[in-house]
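Undergrad: Would you mind keeping the following structure in view while I ask a few things?
Protein chains: 2
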Amino acid sequence: MTTNNNKINADLLKERAKCTFNPKELTHFLDGSEQKTLERKEREKFFLDDPELKSKVPMEYLSHKEKYEENIRKACVIFRKVQELQNEGKAGMENYREILGGQLGSAILPDGNPLTLHYVMFIPTLLGQGTIEQQTEWINKAWNCHIVGTYAQTELGHGTFIRGLETTAVYDPSTEEFILNSPTLTSYKWWPGGLGHSANHAIVVAQLYTQGKCHGIHPFIVELRDKETHMPLKGIIIGEIGCKLGMNGTNNGYLGFKNVRVPRMHMLMKNSQVHPDGTYVKSPSSKLTYGTMVFVRVVLVADATSYMKKAVTIAVRYSAVRHQSQIKTSDPEPQIIDFVTQQYKLFPLIASVFAFHFSANWLWEVYNEVTSELEAGKLRNLPELHAVACCLKAVCTADAALGVEQCRLSCGGHGYMTSSNLPGTYGLVTAMCTYEGENTVLLLQTARFLIKSWQNKEETIHLDTVKYLVQTEDLPFTKSVNWIISAMKQVTARKVELAAKHIDERVKSGKAPEDAWNETSVELVSAADAHGRAFLLQTYASTVESITNVSPQLKTVLIQLQELYSVNTALRYTGDLLRFTSCKGKDIEVLQSWLEQLLNLIRPNAVGIVDGFDVSDEVLSSALGAYDGNVYERLFEEASKSPLNSEPVNKSFHQYLKPFLKSNL
Amino acid sequence: MTTNNNKINADLLKERAKCTFNPKELTHFLDGSEQKTLERKEREKFFLDDPELKSKVPMEYLSHKEKYEENIRKACVIFRKVQELQNEGKAGMENYREILGGQLGSAILPDGNPLTLHYVMFIPTLLGQGTIEQQTEWINKAWNCHIVGTYAQTELGHGTFIRGLETTAVYDPSTEEFILNSPTLTSYKWWPGGLGHSANHAIVVAQLYTQGKCHGIHPFIVELRDKETHMPLKGIIIGEIGCKLGMNGTNNGYLGFKNVRVPRMHMLMKNSQVHPDGTYVKSPSSKLTYGTMVFVRVVLVADATSYMKKAVTIAVRYSAVRHQSQIKTSDPEPQIIDFVTQQYKLFPLIASVFAFHFSANWLWEVYNEVTSELEAGKLRNLPELHAVACCLKAVCTADAALGVEQCRLSCGGHGYMTSSNLPGTYGLVTAMCTYEGENTVLLLQTARFLIKSWQNKEETIHLDTVKYLVQTEDLPFTKSVNWIISAMKQVTARKVELAAKHIDERVKSGKAPEDAWNETSVELVSAADAHGRAFLLQTYASTVESITNVSPQLKTVLIQLQELYSVNTALRYTGDLLRFTSCKGKDIEVLQSWLEQLLNLIRPNAVGIVDGFDVSDEVLSSALGAYDGNVYERLFEEASKSPLNSEPVNKSFHQYLKPFLKSNL
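Sequence order for the protein chains is G and Z. Position 65 of the first sequence, counting from 1, maps to 65 under the UniProt record's numbering, and the rest follow consecutively. Position 431 of the second sequence, counting from 1, maps to 431 under the UniProt record's numbering, and the rest follow consecutively.
What follows is the structure, encoded as structure tokens:
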């Protein structure tokens, strides 16, 4: 979808005229600086303006196979351009995720890039887990794209619980090789991106056996396909897994092994080793691989923010352009954004973009600190970071998925059109609830940390993110963000306390601790969720408080949004507030009326705020959300691209319909 | 997906062995009788076993155009089979929706049937709004499929608010014709199924102008395409609207008019007429078309039930087959259905199937009563039925959409596979939240009735579904379903009271009543939602209480499910319960612990209950949900159908990937 210098829709002109702050200032604030905004836009332009990266026919009209072929074509162009950027010193590892998977990546290839894992998983794993010798051998080939790799961990039978993986790698000292096998149907690798027909190498995670003993999962480099012919090598059973809800261009694959032999040095040995005679040497610390998992979750919180930005931009602009129904019978049909129910659907989502953004920034900073500490051998702060990252990943991806869907539904029937790009955005965002740690599993990991923190009060008092568990007080209700934050902390603390008590009671009644944990898990999940909410509220407040370098006009808007996010959270948790704090029913009325006031205050700036997100039309790819607001023209323009519309009569009329109708005469 | 006489999965065998009741009894109970079960299965077999209705390649792998062509082929076969059934006296109007759109229809054509509206809207509108003469002329042609019609109401700019439609039909007495025009881009018809390239006739809803005056919207029969060539007729601008989130086989179309002339008798004149000289005669009652709208909403509640049945069957069976993670480190990996968090995700959804089913039955009965009354000229009970139908449509479709999505997410990554059929089911169920009255709009219609009922207490006392508004009492908490029902009624009454008060206050402060209504609309929506919940709970209770013809074993299960549904509803509304009833925080603990007990009681029967839903493998169309539980074999079998897997190396390797990799050497 191209941005023409179209006439701007009159309603949007009116909205922009009444905005009380400068949206550009917001853009620079969110990007970090004006310079960073420029760099982002330059990168976007470099990719999105390239005619080689445009398709003749929108992807949704192609067959599954054609989609793959078109995606591989584009993926090669993208990789070539990435190499150009590298050569000019304009891109490093930090940009790959954005270009290959993040907001920009999903704009270039909305169905996903089949080669993404090469840069995002294959090379980082070589770097993180290969010895210097292994890196020397492989990194060069991979970095310069002589080979293309993927990362094969998940199996048909095992996802989040990776200890249960079944693929075996048995060491044979007589030939100094590992023999890979898929002992069961469920042990087949299933899901890795690009595995189906794209990659010719993979890092395969398998249970290592040597000298008759299993030593748990380890990574192995395996060549999958012949360099010249791309034919699967002997013993490699490989293909793609079929259609999915979204990301149908990523070529997710399956992979089975029948006595596939790889040299000993194909096991990545930075942490653990197998000697030529088969002796196994264990990794000094199992926490070292922990950091990467945290990194990915940090990135996902940022991605959730991007998807939300996109969806609310589309829904808010559409709601300003769309006129429908009546408030007063004497008046013309109002913009649907003037319905308070519509404001209630959308404005808290606008506010949540900021909540996610600030928490993503916090996570990123703390991740970098903790990583430096790790390199200096200090592991102390990792569990706390891990606990926050787990519940933020779960809470933010779940909220973003619901939020994107709410945006889509708020656009009525037109939100159901592929050309709105809301269905596609949902396909990408909902997947995040499952991958890189299923959300319920992650919340239970946070809960384990919370219960431990509750039990070790003396240590907990020194941990920034959880010390409130042992320090809360039940403040009397006031109409303030501070009260809401303290109340949500109180809620979390009481939920943790209650869950701990119920575990105890179950253990005392004779249950095994594990069963007691399982039986209390609904409450535990709810406690971890509340912890995530309290963290988001606190981080939002601390960030807004510390902002000094913005205009008073922008600051006012940031504070209004912060208040809206806080009140809306409180109103989602009235049951917990009434149960665990001293607030009363009449206080909820105060919050409800405050919410309504805030919706009204934000109304004139709604379009300005989403303009400030500065998501370009190319990235939005939405007939409903473009900057010019020419919604109906664009819906038509998109419909005209359907191959069915290239001829007035489809051949099926003559083949099927006419013979049927005639047979009835 | 075919049901083979495969070996049944061992876990499912174990589950079925421990079931405490006979699932077949449940099937007959839900169908209405053993005879009705047999008839349903016979109809399913008649369609689903027909080799002409099977596709060589699963639809998801086809291009958009190929999907349409394959769907038209099948649609003609289905229509031929419908005619066969008619001739044998085995099908009437009551079966069309099921075959063309309901559970069976979506099993035959998961992407939707492009000819559905012919039987579901075109013919019923001719019957309902045509004069005897018009019926004589058109019904025969339509019934025998000499012509194929659709129903064109929604426009690019107007959906739920049909009074705002812009298409014009201006009467020209000199030729005794109407001249149809699309005065604006937004006046183009947009969405009607089959309009793009399938139908050759449409009933078009347009603003009628005669003698210089607009008389509002009326229906007109318009010929769209030439009978022999299928070419669009003069002045008809027509095509399809492009890809959507789901239903990509329905050929939704757009339609514009440039001075299209139709004879006077093409206006359907049963209710209003235009005389040859242009004199307009108004319909005696505007409430007469009201009934059809109610009918469709009744049907949608039943459809929501079917989709939920499908999704929970898939998720529960998969959760019994899937093993993952650990409860105790010493034990083998448990079935994931043994995690209480998984039970909490799924079992309340099982229970909601019954809640929806019983309310759909109630609606159907009352709809028939009220229709008989209408025919006798008695309109009194229509507004009350309309109010219930609106909020049940909104509450049940919204819950079903969330529920189907929760089922999908509970299946982890495999739920994201198209072959799970959960994404496809979501695509169908979420559309129901928008069409036939957008949910928020419908809740506000119910709210209007509730506010009126609150204001007219003397009348309200005689209305079954709302008399509780003026009769509630705040019962002291007991651990009982009856308390929950009375408490949710109390909640609704207090919400209605509060909303009425806030509207009053706003009016007194000088706001126009319409603005006061809009500003209170968030609370009004919430009151209507609570009314729907109270109705579902009450109907569930009354139905279960009145059941006498089932075994004690089944009755026990029905009561457990009813309790679970009630407790789960209460726990979703703790904020309202604490605010508006005398229950306390410790009572919530009692409810939470009751919920956990119920999950544990239902656990052994979970598979038995979904077996009792008796959704055949063909209807489920799910690799994860089949009766035999051979989940992994079926996932593989489905993947093998991908055209990409029909050759080991895709041509794109030689075209794009190899040249790129070689260029880097």
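For glycine and all other residues, C-beta sits at the position ideal for the given N, C-alpha and C. All figures in this text were calculated on a predicted structure; none of them were measured in a lab.
1) Using a C-beta to C-beta distance shorter than 8 Å, which residues of chain G count as neighbours of Z:His158?
2) Between G:Asn361 and chain Z, is the shortest Cβ-Cβ distance under 8 Å, so that the two count as touching?
3) Please list the terminal residues of the continuous beta strand (DSSP E) segment that includes Z:Thr154.
4) What residues of chain Z sit near G:Pro423, judged by a beta carbon separation below 8 Å?
5) Give the interface partners of Z:Tyr61 over in chain G, defined as CB-CB distance under 9 Å, in chain order.
6) What first and last residue would you give for the beta strand (DSSP E) that runs through G:Arg261?
7) Do Z:Ile337 and Z:Ser319 have their C-beta atoms closer together than 8 Å?
8) Which residues in chain G sit within 7 Å of Z:Pro648, going by Cβ to Cβ distance?
9) Three or more C-beta pairs closer than 8 Å, one from the stretch 96-103 of chain Z and one from the stretch 115-134 of chain Z: is that the case here?
10) Do residue 669 of chain G and G:Val294 have their CB atoms nearer than 8 Å?
11) Kindly indicate which residue of Z:Asp111, Z:Gly625 and Z:Leu635 has the alpha-carbon position closest to the one of Z:Leu62.
12) In chain order, what residues of the same chain lie with their CB nearer than 7 Å to the CB of Z:Gln103, ignoring the 5 residues before and after it?
13) Sort Z:Gln326, Z:Val429, Z:Val466 and Z:Ile461 by Cα distance to Z:Ala447 and report the nearest one.
14) Whose C-beta lies closer than 6 Å to the C-beta of residue 682 of chain Z among residues of the same chain, with five residues either side of it excluded?
15) In the DSSP assignment, what are the bridge partners of G:Cys214?
16) Would you mind telling me which residues of chain G sit closer than 7 Å to Z:Asn181, beta carbon to beta carbon, in chain order?
17) With 16 other CB atoms within 10 Å as the buried threshold, where does Z:Thr229 fall?
18) Tell me whether G:Leu409 counts as near the ligand MG, meaning its Cβ is closer than 7 Å to at least one heavy atom of that ligand.
19) Going by the CB atoms, is the gap between Z:Thr210 and Z:Tyr171 shorter than 8 Å?
20) Determine the DSSP secondary structure at G:Arg380, reduced to helix, strand or coil.
21) Please list the partners that Z:His146 has in chain G, where partner means a Cβ-to-Cβ separation under 9 Å.
22) Taking G:Ala91 as the query, report the chain Z residues whose CB atoms sit under 8 Å from its CB, ordered along the chain.
23) Buried or exposed for Z:Val281, going by 16 or more other Cβ atoms inside 10 Å?
24) Using the Cα positions of G:Val148 and Z:Lys658, report the straight-line distance between them to the nearest angstrom.
25) Verify the CB distance criterion: does G:Thr168 have a CB-CB separation below 8 Å to chain Z?
26) Let me know the alpha helix (DSSP H) ranges lying completely inside the stretch 220-298 of chain G, each 4 residues or longer, listed in chain order.
27) Just to confirm the assignment, what range does the alpha helix (DSSP H) spanning G:Ile559 have?
28) Find out if the Cβ-Cβ distance for the pair G:Gln324, Z:Gly164 is shorter than 8 Å.
29) Determine whether the Cβ of Z:Asn4 lies closer than 8 Å to any Cβ atom of chain G.
30) Which residues in chain G have a C-beta closer than 9 Å to the C-beta of Z:Pro110? List them in chain order.
31) According to DSSP, is Z:Asn200 part of a helix, a strand, or is it coil?
32) Do you know how far the Cα of G:Gly412 is from the Cα of Z:Ala528?
33) Suppose contacts are defined by Cβ-Cβ distances below 8 Å. Is Z:Leu245 in contact with Z:Met417 by that definition?
34) Which residues in chain Z have a C-beta closer than 7 Å to the C-beta of G:Asn518? List them in chain order.
35) Please return the same chain residues whose Cβ sits closer than 6 Å to the Cβ of Z:Gly194, not counting the five positions on each side in sequence.
36) Please report how far the alpha carbon of G:Thr430 lies from the alpha carbon of G:Thr397, in whole angstroms.
TA: Looking at the coordinates:
1) Gln324
2) no
3) No beta strand (DSSP E) contains Z:Thr154, which DSSP labels as neither H nor E.
4) Lys244 and Leu245
5) Ser63, His64, Lys65, Gly242 and Cys243
6) Val260 to Pro263
7) yes
8) Met231 and Pro232
9) yes
10) The structure shown does not extend to residue 669 of chain G, since chain G is modelled only from 1 to 665, so the question has no answer here.
11) Z:Asp111
12) Ser306 and Val619
13) Z:Val466
14) Residue 682 of chain Z lies beyond the range of chain Z shown here (1 to 665); nothing can be said about it.
15) G:Tyr209
16) Near Z:Asn181 there are no residues of chain G at all, since even the closest Cβ is about 17 Å away, more than 7 Å.
17) exposed
18) Absence of the ligand MG is noted for the structure shown, with no ligands found whatsoever.
19) yes
20) coil
21) Leu661, Lys662, Asn664 and Leu665
22) None at all; the shortest Cβ gap to chain Z is about 16 Å.
23) exposed
24) 10 Å
25) no
26) none
27) Pro552 to Arg572
28) yes
29) Reliability fails at Z:Asn4, whose pLDDT of 49 lies under 50, so the model's placement of it is uncertain and no value is given.
30) Simply none; closest approach about 12 Å.
31) coil
32) 20 Å
33) no
34) Ile327, Phe339 and Val340
35) Pro114, Leu115, Leu117, Thr150 and Asn251
36) 7 Å
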